[in-house]
Amino acid sequence: MAVNPDAKLLSFQDRLGTLGDGEPKQLNMKPESLSSNTPSLIGRAVISRPSVVSPEMPIEDAIAQMNACEDSYVLIVQNQQPIGIFTERDLVRLIASGQTISNKSVAQAMTQPVITICNADLTDAFSVFEQMQQRRLRHLPIVEADGTLFGIITKNSLRKALTPSTLLKLKLVENVMQTKVVCAPTTARVRQIAQKMSEEEVSCVVIVAPDARPIGIVTERDIVQFQTLGLDMAATSAQTVMSTPLLPVHPKDSLWQTHQQMNQHRVRRFVVCTQEGQLAGLITQSSLLQALNPAEVKQMIDLLQQEVEQLRTENQTLLEVRNQELENEQVSLNEKLQNEQRELQQAYVQLDTINAELEERVTQRSAELNQSERRWRTLLEDVQLAVVGTARDGHITYANPFFLNLIGYGAEETMNADWIKSFIPGPERSQVKDYFEQLYHQLEPSLQHQHSILTRSGEARILVWNNTLLRDTQGNVTGTMSIGEDVTERFAVDKLKGDFVAMVSHELRTPLTAIHGGIKMLSQGIVPSQSEQGQHILQVAAESSERLVRLVGDILALESLESGKSSLRRQLIHTQVLTRQVTDAFSILAAKANVTIEVSDPGLQIVADSDRLTQVFTNLLDNAIRFSPSGSTIRINTTPDYHDLDLGEGEAAVCFSVCDQGLGIPVEQQDKVFERFTQASHDNGEVKGGTGLGLTICRNIIEQHGGKIWVESTVGEGSCFYFTLPVDREKEDYLRR
Amino acid sequence: MSRTVLVIDDDQGIRVILKAALEFTAGWKVLLASSGVEGMATAQTERPEAILLDVRMPGIDGISLFRKLQAQASTKEIPVIFLTAQAREVERQELEELGVGVILKPFEPEAIAIQVRTLLGWLVD
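Top to bottom, those sequences are chains V and P.
Going by the numbering used here, the first residue of the first sequence is number 700, and it counts up by one from there.
Going by the numbering used here, the first residue of the second sequence is number 49, and it counts up by one from there.
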């Protein structure tokens, strides 16, 4: 007959459902021990291989099997269906009744029919437990729908399967222990004890000492064992067979602790003693399961629920308070944040302002720097001085346009070139290298230094350098910046001046020597003045004196012309007047030299400095007479409309020439004769008088007039000296005859 | 003992004065040449005991002529005294390194012979 505990089961489930629904989520309290709706829980309680016997099995065999398996029952099964059950209690009852058990089958002693439960109905462990409590069952076989045996649930297995650790931990022994305990003295016989068990319907009897202290226990299982052993139960005293000593369990111990001890010691009950050792009660596994009594559970749930509610309320209150605190804090933080944001905003505005100011300053400074750089760059680019930067290793790091132009190289070729090897002439390299070494080692060389620079064309230019050391931020020398002035022309001019002075010195000293020496020899009587030598000396002295006078005159005249101190006094002059004057002045000298002067002059009017032109003709004629052999002719020509390639459109020139039939001038000397102190000479080395400045003066005068002067000559045939004077046709009407 | 000295100078005045000074104060025989070419030829033919050589001459100048004289076996032993109007120290030192000595123009006619003797190490005649 299957049990249908649906009604109670439903209500119990309802209560569990309520517990589940009403559970504060925050507490998350859903102890597994209170949840019986776990399939594994009931599954754990089921003994799938129950202890089974056939109906015909003798009781003794059944008892032996129970003992061997340590079961409290055997199921009597027929056609795989349980028809009855024989339990330890049944045996105790049997023994108590004094009935013999030998030669009897178990079917004759079993309890029937056996109450079973259908496997399909096994949904809830607690409901099963409740049914077993109601029916006072300690064993509940499980059958399939067709009645075949599936398994069995016992209170023991149920207790083991259930893990009501929380409840058991919560509850104490004293909450569930049986206070009514059947006791017997140590002298009681086993049979008497069995009788007491049967009468009181208890599963055990506590053996007490004379002072009522519990000292042992005899259980139903012990009776079974005694029977198996064939013990004389009527004669055997409890003291002999009782289980002792008792395991200490106290009223204040937790059920969980007791449950664990039951498992550990494999017992089903404990005698509960006080701390003084007095008997307090008895706790069995039924007592433990009673802790899981649905009513008890419900009560516990209700209590817990109340507590949960209370906690929830308290928690809610706490949360609300905390929430309020948090809200207040948030408000405060918000305000603080807003303040900070405002401050940050202000700081940003300030930062923007400062940034703008800084940018403006940077822009301004950049503009100033740019302007400064432009200024310096312009200076460097435009200055008519060489600016060269060199690194410590002697390579060029910078060269300004003036320098590049001077040396004739481009910037790409010049950058990184070796300064000494590339631009210093060989003989000067050592000296330049030494100078830089001294400079770098700060041995106080002169900051000014002069040396030559080789240009691309091979010319050597002389530069005077001012050198400045360049340093990095640590003060280490990194190179030099040099500014150089090209003094080549100045040197050339100085050299020319020096040469001129040397030349003048020579030209002056030479006639002076003759004058001085001659006069001294005559005045000291070294050479008699009336002697032939004396007269010769006088003549030489006189000639030298004249020469000296002319020379001094020419020097001064040339200096005056070149310095620009004497400007031309242009006036309208008639060429024939000029040539006639000159010819007349030289007539005596020409006659003396036996030289004829012929003039061909159409008579032109020109604007020129009459005195200067006279000086030119004088010098040319003087040279011509000196170099003309006796009997030769000197010709003076004046040619109008001379076409000079250098003259522009609309411009004209008059050309004059003085030609002689003298020795002529070698080709290589023809340009040089116009230079100072350079006189034409021939293979015999003879120089015929003159100061050596006449032609130089002529050139100067003619060039000041804007004309040209040159010589065309053939050695052995004679020379022609030409000079031109530009004229203004309209102004001068120079063709008027 | 009368010495023979050759004077090579392109200036007639110098030649006349030098000849008179050396002949009248020292009694030497003075040969004259007005150019480097003429001087070379005279030196080779006459083999004078000394040559007074003007530095600045047209055509072959004094230093070039000096090297030519040194290059000729017949003339290289003839001591050469340079005559110069150059006042610059540098030129004078260069000439002194080449020849026996240098006499500057203008010179003192009464002392010229002494100068020459001193430079050449000639004892007084």
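Using N, Cα and C, we set each Cβ at its ideal position, and we do this for glycine too.
From a predicted model like this one, the values you see are computed outputs, not experimental measurements.
Under 7 Å by beta carbon: chain V residues contacting residue i
i	result
Pro157 (chain P)	Gly1216, Lys1219, Met1220 and Ile1225
Reduced DSSP category for residue i - H, G, I as helix; E, B as strand; rest coil
i	result
Pro1210 (chain V)	helix
Trp76 (chain P)	coil
Leu946 (chain V)	coil
Ala1307 (chain V)	strand
Gly1174 (chain V)	coil
Glu125 (chain P)	coil
Pro913 (chain V)	strand
Pro884 (chain V)	strand
Arg968 (chain V)	strand
Trp170 (chain P)	coil
Tyr1108 (chain V)	coil
Pro757 (chain V)	strand
Ile56 (chain P)	strand
Glu142 (chain P)	helix
Met941 (chain V)	coil
His1463 (chain V)	This structure gives no information on residue 1463 (chain V), because the portion of chain V shown stretches from 700 to 1436.
Pro1126 (chain V)	helix
Thr737 (chain V)	In this prediction, Thr737 (chain V) scores a pLDDT of 45, lower than 50, which makes its location untrustworthy; the coordinate-derived value is nonetheless stated afterwards. Residue state, collapsed to three classes: coil.
Distance between residue j and residue i (C-alpha atoms, nearest Å)
i	j	result
Val875 (chain V)	Ile892 (chain V)	24 Å
His1273 (chain V)	Val1306 (chain V)	9 Å
Gln1070 (chain V)	Tyr1134 (chain V)	36 Å
Phe711 (chain V)	Ser1031 (chain V)	Bear in mind that a pLDDT of 33 at Phe711 (chain V), under 50, signals an unreliable position, so the number given afterwards is only what the model happens to contain. Answer to the nearest angstrom: the Cα atoms are 51 Å apart.
Leu66 (chain P)	Phe1376 (chain V)	23 Å
Ile56 (chain P)	Met1180 (chain V)	56 Å
Gln1149 (chain V)	Ala1116 (chain V)	20 Å
Pro884 (chain V)	Ala933 (chain V)	15 Å
Leu733 (chain V)	Lys859 (chain V)	Annotation note: pLDDT 38 at Leu733 (chain V) (below 50); position unreliable, coordinate value reported separately. Roughly 15 Å separates the two Cα atoms.
Gln877 (chain V)	Ala979 (chain V)	9 Å
Arg1279 (chain V)	Thr1337 (chain V)	12 Å
Ser953 (chain V)	Val872 (chain V)	6 Å
Asp1300 (chain V)	Thr1282 (chain V)	12 Å
Ile816 (chain V)	Tyr772 (chain V)	17 Å
Glu1097 (chain V)	Gln1063 (chain V)	For the record, residue 1097 (chain V) in the displayed sequence is Tyr; it is not Glu. Rounded to whole angstroms, Tyr1097 (chain V) to Gln1063 (chain V) spans 28 Å at the Cα level.
Met1202 (chain V)	Val1192 (chain V)	15 Å
Val172 (chain P)	Arg165 (chain P)	8 Å
Ile1287 (chain V)	Asp1340 (chain V)	33 Å
Ile916 (chain V)	Leu848 (chain V)	35 Å
Cβ-based neighbour list, residue i, same chain, cut-off 8 Å, excluding 5 preceding and 5 following
i	result
Gly1415 (chain V)	Leu1362 and Gly1363
Ile762 (chain V)	Leu790, Ile800, Val923, Gln926 and Thr927
Arg1398 (chain V)	Phe1373 and Ile1408
Beta-carbon neighbours of residue i, restricted to chain P and to distances below 7 Å
i	result
Gln1211 (chain V)	Looking at the sequence itself, residue 1211 (chain V) is Leu, so the reference to Gln does not match. By Cβ distance, chain P contributes Pro154.
Arg1208 (chain V)	Ala133, Lys153 and Pro154
Ser1418 (chain V)	Here the premise fails: no neighbours, minimum Cβ distance about 17 Å.
His1235 (chain V)	Val64
Ala1201 (chain V)	Gln134 and Arg136
His1459 (chain V)	Outside the shown range of chain V (700 to 1436) lies residue 1459 (chain V), about which nothing can therefore be said.
Chain-ordered neighbours of residue i on chain P, where CB pairs are closer than 8 Å
i	result
Val1239 (chain V)	Gln60, Gly61, Val64 and Ile65
His1140 (chain V)	Under the 8 Å cutoff, chain P gives no residues; its nearest Cβ is about 33 Å from His1140 (chain V).
Residues near residue i by beta carbon distance below 6 Å, same chain, minus five either side
i	result
Cys1419 (chain V)	Ser1356, Cys1358 and Glu1411
Lys803 (chain V)	Ile758
Arg51 (chain P)	Trp76 and Glu97
Ala69 (chain P)	Pro157 and Ile160
Asp770 (chain V)	Ser750
Contact set between residue i and chain P, taken where Cβ atoms lie within less than 9 Å
i	result
Ile1242 (chain V)	Just to set this straight, residue 1242 (chain V) is Glu in the shown sequence, not Ile. What Glu1242 (chain V) touches in chain P: Gln60 and Gly61.
Ser1228 (chain V)	By Cβ distance, chain P contributes nothing, its closest Cβ being about 12 Å from Ser1228 (chain V), past 9 Å.
Ser1412 (chain V)	Ordered by position in chain P, no residue passes the 9 Å Cβ test against Ser1412 (chain V), which lies about 16 Å from the chain.
Close beta carbons around residue i, own chain, < 7 Å, minus the five adjacent residues each side
i	result
Glu1184 (chain V)	Leu1084, Leu1162 and Val1163
Leu836 (chain V)	Ile814
Leu168 (chain P)	Ala98, Pro127 and Val148
Ala91 (chain P)	Leu54, Ile99, Leu117, Thr123 and Ile126
Minimum Cβ-Cβ distance from residue i to chain C less than 7 Å
i	result
Gln1232 (chain V)	Although the question refers to chain C, the structure presented lacks it and instead comprises the protein chains V and P.
Practice prompt. Select from the stretch 52-74 of chain P all residues with a C-beta closer than 7 Å to any C-beta belonging to chain V, and list them in chain order.
Written response: So the close ones are Asp58, Asp59, Gln60, Gly61, Ile62, Val64, Ile65, Ala68, Ala69, Phe72 and Thr73.
Fill in: Residues from the stretch 78-108 of chain P in contact with chain V, defined by Cβ distance under 8 Å
Cβ contacts with chain V come from Ser82, Ser83, Gly84, Val85, Glu86, Arg104, Met105, Pro106, Gly107 and Ile108.
Worksheet entry | Cβ-based contacts, 7 Å cut-off: residues of the stretch 115-143 of chain P near chain V | Answer set for the stretch 115-143 of chain P: Ala133, Gln134, Ala135 and Arg136.
Fill in: Residues within the stretch 1142-1176 of chain V neighbouring chain P, beta-carbon criterion of under 7 Å
Along the stretch 1142-1176 of chain V, none of the residues has a CB nearer than 7 Å to a CB of chain P.
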